[in-house]
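**Q** What follows is a single structure, and I will ask about it in a moment.
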Amino acid sequence: MSYLKIEGLTKTYNGELKALDALSLNISKSERWSIIGASGSGKSTLLKLIAGMEVQNEGFVYLEGKKILNPKQKLVAGYDELQLVKQDNGLFPLSTVAENISRPLLQYDKEYASERLEILLQVFGLEDKRNSFPRELSGGQQQKVAIARALSLEPEVLLLDEPFSSLDSLQKRGLLDELNLIFKTLGITVIMVTHDIQDALLLTENLCVLSEGKLLRQGKVNEIYENPQTAYVAGFFGPLNSIPGQTNQYLRPSSIKNSTTKGKIKGKVLLKRYFPDYDLLTVEVSEETPPWQITRYERDVSEGATIYMSWEENKVLILDEK
Ligand code: ADP
Ligand code: MG
Numbered sequence: 005m006s007y008l009k010i011e012g013l014t015k016t017y018n019g020e021l022k023a024l025d026a027l028s029l030n031i032s033k034s035e036r037w038s039i040i041g042a043s044g045s046g047k048s049t050l051l052k053l054i055a056g057m058e059v060q061n062e063g064f065v066y067l068e069g070k071k072i073l074n075p076k077q078k079l080v081a082g083y084d085e086l087q088l089v090k091q092d093n094g095l096f097p098l099s100t101v102a103e104n105i106s107r108p109l110l111q112y113d114k115e116y117a118s119e120r121l122e123i124l125l126q127v128f129g130l131e132d133k134r135n136s137f138p139r140e141l142s143g144g145q146q147q148k149v150a151i152a153r154a155l156s157l158e159p160e161v162l163l164l165d166e167p168f169s170s171l172d173s174l175q176k177r178g179l180l181d182e183l184n185l186i187f188k189t190l191g192i193t194v195i196m197v198t199h200d201i202q203d204a205l206l207l208t209e210n211l212c213v214l215s216e217g218k219l220l221r222q223g224k225v226n227e228i229y230e231n232p233q234t235a236y237v238a239g240f241f242g243p244l245n246s247i248p249g250q251t252n253q254y255l256r257p258s259s260i261k262n263s264t265t266k267g268k269i270k271g272k273v274l275l276k277r278y279f280p281d282y283d284l285l286t287v288e289v290s291e292e293t294p295p296w297q298i299t300r301y302e303r304d305v306s307e308g309a310t311i312y313m314s315w316e317e318n319k320v321l322i323l324d325e326k
């Protein structure tokens, strides 16, 4: 029996738009998953259905064999075991950090509630912010409070809907490292929606790719990276360079060797941009394909220069369009 079982979930809005199309997925306890997909592909709908916060047309969600009931089937929508953190963190602006975190605990035994609060303040490093109001916190700290609040009831599964999209990349990096350690220590099952593969790589090991409500791929992040099968899936990991004269054959920037003197094909450097470890070059290689993105570690070429590129045949990705 799988821990979290999603079986044939279909959701149609307004009788016509299929936001989710017969989606099935099995998740084991303590696994961390990212859900990635273009805007409108059904990611938020999937999380709401898992949490029991939305009514499906077909299909079921089971947690440890127990069927999750939707708001039509259950008096109070949602479950303590499944906590969803939405994109807008939903903090109460006139409540302190401590009040926000303990709000879900109001109905519980006072001793238990204060014990949970202290543990969460400590785990999330928010002890000195307990009396602060959300507006007095950075974006990253606000997200921590929202996640701490979701964990107050000791849920089995934490569902995160693009929780970091409003943070800058430096704030995000530190927060993701911190959360990764917290989630591992708690052994909690996490499903995170993101449009940023970097977030997925920093926080989760498993990936599920959605397109137009359908599950395209599921599995370990590294396996999907190594064998993406379609240009849509491969595109989430970074730029793809299309090989001139070859249909559906692509190279990642990291697979391309470049030289100022010799190589398989020749191109003209259109743009050079400085990155900390390399120069990112945009290179015109042929009239029939879009310019390539390549990386050069020696910072010795200028815009307008000629550059030669080569690659090993086993690095060529043969990808379907869809
Ligand atoms: P994502 O989170 O991947 O951007 P959503 O699950 O929010 O996608 O939406 C999937 C599709 O369903 C989109 O086309 C969206 O416009 C539509 N949709 C989402 N919520 C509603 C709603 N409450 N009413 C009508 N259509 C909706
Ligand atoms: Mg969404």
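Sequential numbering of the sequence shown, starting at 5, is according to the working numbering. Even glycine gets a Cβ: it sits at the ideal position worked out from N, Cα and C. Here the structure is a predicted model, which means the values were calculated and not measured.
When you compare only the Cα positions, how much space is there between Gly129 and Thr198?
**A** 24 Å
**Q** Is Ser32 near Thr208, with beta carbons less than 8 Å apart?
**A** No, these two residues do not count as a Cβ contact at 8 Å.
**Q** If you count every other CB in all the chains shown that lies within 10 Å of the CB of Glu119, and 16 or more means buried, which is it?
**A** exposed
**Q** What residues sit near the ligand ADP, counting only those whose C-beta is closer than 5 Å to one of its heavy atoms, in chain order?
**A** Tyr17, Ala23, Ser43, Gly44, Ser45, Gly46, Lys47, Ser48 and Thr49
**Q** Buried or exposed, going by whether 16 or more other CB atoms sit within 10 Å of the CB of Asp113?
**A** exposed
**Q** In terms of DSSP beta bridges, what is Ile269 paired with?
**A** Under DSSP, Ile269 shares a beta bridge with Met313.
**Q** Going by DSSP, name the residue or residues bridged to Gln253.
**A** DSSP output for Gln253 lists Ile322 as bridge partner(s).
**Q** Mapping DSSP to helix, strand and coil, what is Val59?
**A** coil
**Q** Please state whether DSSP places Asp25 in a helix, a strand or coil.
**A** strand
**Q** Going by beta-carbon coordinates alone, are Leu27 and Leu50 separated by less than 8 Å?
**A** yes
**Q** Are there any heavy atoms of the ligand MG lying less than 7 Å away from the beta-carbon of Asp200, as far as the coordinates show?
**A** no
**Q** Among the candidates Leu121, Lys90, Leu79 and Asn135, whose CA atom is the shortest distance from the CA of Leu98?
**A** Taking each of Leu121, Lys90, Leu79 and Asn135 in turn and checking the Cα distance to Leu98, the smallest one comes out for Asn135.
**Q** Put Ile10 into one of helix, strand or coil per three-state DSSP.
**A** strand
**Q** Check for me: the alpha helix (DSSP H) holding Gly178 runs from which residue to which?
**A** Ser173 to Leu190
**Q** Straight-line CA distance for Tyr182 to Ala102?
**A** For the sequence presented, residue 182 should be read as Glu rather than Tyr. Straight-line spacing of the CA atoms in Glu182 and Ala102 works out to 20 Å.
**Q** Please determine whether the Cβ atom of Val197 lies at a distance below 7 Å from any heavy atom of the ligand MG.
**A** With a cut-off of 7 Å, the C-beta of Val197 is classified as near the ligand MG, since at least one heavy atom of the ligand falls inside that distance.
**Q** Between Leu162 and Leu155, how many whole angstroms is the CB-CB distance? I'm expecting something under 8 Å.
**A** 7 Å
**Q** Going straight from the alpha carbon of Lys276 to that of Glu291, what length do you get?
**A** 20 Å
**Q** Applying the 10 Å Cβ sphere with the 16-neighbour rule, what's the burial state of Arg139?
**A** exposed
**Q** Leaving aside the five residues before and after Val237 along the sequence, list all residues of the same chain whose C-beta is less than 7 Å from its C-beta, in chain order.
**A** Val213, Leu220, Arg221 and Ile228
**Q** At a threshold of 7 Å, does Glu166 count as lining the ligand MG (C-beta to nearest heavy atom)?
**A** With a threshold of 7 Å, the Cβ atom of Glu166 counts as near the ligand MG, since some heavy atom of the ligand is closer than that.
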